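Following: one structure in structure tokens, then a few remarks.
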Ligand code: ATP
Ligand code: MG
Ligand code: FE
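Residue numbers (full-length UniProt numbering): 2 to 348.
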């Protein structure tokens with residue numbers, strides 16, 4: 002099936018045309034420069050910007066694909082989770098086009114989209130597999146059993162991995178978004194210079210939760226360390242070493258949890274998705290650990306890890322082929338667990 006897909010859950014306006022696991026066109030317009038001065042995404046500005054950019058992006062997607070409406074079997078949009086005002090723009094545009102051109106509408110869960118990035122970059126990839134989803138808003142270990150069938154095995158108790166990168170970058174006086182900057186700085190720093198806590202999630206009955214993450218303690222540890230270094234007069238701060246030590250701690254912790262989960266559940270294949278999947282430290286740690294334990298690990302290319310509409314379109318074609326179609330009355334939602342995706346489709 003061929004689907005036109007729209008993604009506006011946060012600060013990227015993205016439109017793509019996807020034929021199953023092939024990308025016919027993929028347009029991504031980032032609003033980062035707009036939000037950077039505020040140090041984070043301003044929801045109202047994001048919505049307004051989506052509204053301004055959405056139509057040119059749709060036109061561009063058709064131009065690049067050399068396709069027209071007669072080639073399109075369905076129109077998809079991200080409907081959850083994300084910023085409600087932002088989601089509304091993409092989903093309303095998609096529904097309007099679906100009505101206008103008499104096509105089915107497919108609402109897509111953003112995280113299911115991140116999972117589908119793997120199928121786009123490796124068309125031979127099939128479930129079951131374990132997906133480590135690390136993005137600006139999520140840190141999850143998802144057992145992917147089939148299209149629409151997910152089990153969440155791990156999550157974060159506080160900050161998401163990307164959020165932790167962004168907050169630590171802020172402590173180090175770096176720009177937003179901090180993930181890519183920390184990644185770049187870490188390459189020249191010493192990851193062993195500062196020993197930071199990995200952040201364990203305690204269980205009420207004692208011991209630790211093996212698959213859940215917690216990054217707030219790590220963030221506080223970096224803050225205390227920065228304060229101490231300043232007190233000792235160590236300025237300018239050794240940002241490269243700080244970045245490398247922080248990144249290494251996050252990468253080691255995520256890798257440990259992912260491998261433990263895969264081994265415990267007997268899952269042989271691991272995929273990774275979300276913006277933080279672009280992180281070079283995480284990729285390296287996970288690659289080495291997977292090799293050591295004889296597990297297969299797949300990393301989508303960077304442009305498929307961060308937000309895009311191609312991944313949304315790929316998920317939509319799979320649903321459409323299974324007859325999963327959304328009602329035009331389907332709303333958007335800021336929160337929806339991935340285990341509940343089938344609620345988006347009419348039975
Ligand atoms: P969600 O998918 O949870 O709704 P989102 O869509 O905003 O959140 P993504 O676009 O998937 O998140 O990822 C953005 C996050 O990824 C940001 O926090 C950014 O700092 C982080 N990020 C991007 N590149 C890197 C990198 N190389 N290393 C670490 N973090 C990175
Ligand atoms: Mg984004
Ligand atoms: Fe995302």
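Glycine residues also receive a C-beta, built at the ideal position from the N, C-alpha and C atoms. Note that this is a predicted model, so its numbers are computed, not measured.
* So which residues touch the region around ligand 1, with touch meaning a C-beta under 5 Å from any heavy atom? -> 11, 136, 137, 138, 139, 163, 166, 167, 178, 180, 181, 184, 275, 276, 277, 279, 280, 307, 308
* Asked: To the nearest whole angstrom, what separates the beta carbons of residue 44 and residue 336, a pair I think is in contact under 8 Å?
  -> The Cβ separation is near 15 Å, so there is no contact.
* Using a Cβ-Cβ cut-off of 8 Å (strictly less than) and excluding sequence neighbours within five positions of residue 246, which residues of its own chain qualify? -> 190, 191, 192, 193, 194, 195, 196, 197
* Examine ligand 3 and report whether any of its heavy atoms sits within less than 8 Å of the Cβ of residue 115. => yes
* To do: Indicate the three-state DSSP secondary structure (helix, strand or coil) for residue 240 in the structure shown.
  => helix
* For residue 157, which residues of its own chain have a beta-carbon under 6 Å away from its beta-carbon, when the five flanking residues on both sides are left out? -> 140, 214
* Consider the C-beta atom of residue 51 and the heavy atoms of ligand 3; say whether any pair is separated by less than 8 Å. => no
* Based on Cα-Cα distance, which residue from 309, 201, 178, 96 lies nearest to residue 37? -> 178
* Is the closest heavy atom of ligand 3 to the C-beta of residue 36 under 8 Å? -> no
* Of the residues 340, 345, 327, 341, the one placed nearest residue 105, counting alpha carbons only -> 327
* **Where residue 58 falls: helix, strand or coil (DSSP)** => helix
* Asked: If you scan the stretch 231-303 from start to end, which runs of the alpha helix (DSSP H) of 4 or more residues do you find wholly inside it?
  -> 240-266, 281-293
* Residues sharing a beta bridge with residue 107, DSSP -> 77
* To do: Please confirm whether any heavy atom of ligand 3 lies closer than 8 Å to the CB of residue 111.
  => yes
* Would you please state the rounded distance, in angstroms, between the beta carbons of residue 128 and residue 22? I believe it to be under 8 Å. => Actually they do not touch by this definition, with Cβ atoms about 14 Å apart.
* Asked: From residue 274 to residue 102, what does the alpha carbon distance come to, in whole angstroms?
  -> 33 Å
* **residue 35 beta carbon less than 9 Å from that of residue 13** => no
* Kindly indicate which residue of 276, 242, 262 has the alpha-carbon position closest to the one of residue 112. => 276
* Asked: Anyone know if the C-beta pair for residue 75 and residue 345 falls short of 9 Å?
  -> no
* Which residues DSSP lists as bridging residue 130, in chain order -> 145
* Asked: By a C-beta neighbour count over all protein chains shown, 10 Å radius and 16 as the cutoff for buried, is residue 120 buried or exposed?
  -> buried
* Between the beta-carbon of residue 5 and the beta-carbon of residue 15, is there less than 9 Å? -> no
* Sub-9 Å separation of residue 115 and residue 134 beta-carbons -> yes
* Run of the alpha helix (DSSP H) containing residue 326, from where it starts to where it stops -> Taken as a continuous stretch (DSSP letters only), residue 326 belongs to no alpha helix (DSSP H), as it is neither H nor E.
* To the nearest angstrom, how far is it from the Cα of residue 342 to the Cα of residue 204? -> 29 Å
* State the DSSP-derived secondary structure class of residue 117, mapped to helix, strand or coil. => helix
* Looking only at C-alpha atoms, which of 222, 175, 182, 290 sits nearest to residue 199? -> 222
* **Bridge partners - residue 97, DSSP secondary structure assignment** => For residue 97, which the question treats as bridged, DSSP gives no partner whatsoever.
* To do: Can you tell me which of the three DSSP states residue 153 falls into?
  => strand
* To do: Could you check if residue 117 is buried or exposed, using at least 16 other CB atoms within 10 Å of its CB as the buried criterion?
  => buried
* Where does residue 182 sit, in a helix, a strand or coil, going by DSSP? -> helix
* residue 317 by DSSP, collapsed to three states: which one? -> helix
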